[in-house]
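Quick note: the sequence shown uses my numbering, first residue 127, plus one each step.
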Amino acid sequence: MISGNPLLYRLPEELLQDILERLDSGSLSRLNLVSRWCYEVATPLLWREVELVDCRTQHEESVDEHDDTPLIKKLLVLAT
Numbered sequence: 127m128i129s130g131n132p133l134l135y136r137l138p139e140e141l142l143q144d145i146l147e148r149l150d151s152g153s154l155s156r157l158n159l160v161s162r163w164c165y166e167v168a169t170p171l172l173w174r175e176v177e178l179v180d181c182r183t184q185h186e187e188s189v190d191e192h193d194d195t196p197l198i199k200k201l202l203v204l205a206t
């Protein structure tokens with residue numbers, strides 16, 4: 127826990143974790159910028175649900191032909 131005096135940091139760690147887990151990703155990303163402690167607790171929560179999508183992306187000039195399938199397969203193996 128932090129050694130500072132803000133009221134937020136005086137709450138029990140379990141209660142803070144429960145509160146943070148209820149925040150949406152926009153709120154978590156803003157909280158992420160508040161302090162080093164907030165960054166350390168919010169970042170894992172922001173990345174808990176990552177969706178990897180492998181599809182062509184339409185751009186103004188051209189179509190994105192980059193194939194991420196091999197990388198996505200490796201990440202899926204590592205995640206399970």
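All C-beta atoms in this analysis are idealised placements derived from N, C-alpha and C, irrespective of residue type, glycine included.
In this text, all values refer to a predicted model and were calculated from it rather than measured experimentally.
Through-space distance from residue j to residue i, alpha-carbon basis
i	j	result
I198	R148	28 Å
R136	D150	23 Å
P138	S155	22 Å
V176	R162	23 Å
L146	K200	30 Å
Nearest residue (CA-CA) to residue i, options the options
i	options	result
L141	S161, V167, N158 and G152	V167
V160	L134, V203 and L204	L134
Q143	L171, L202, G152 and S153	L171
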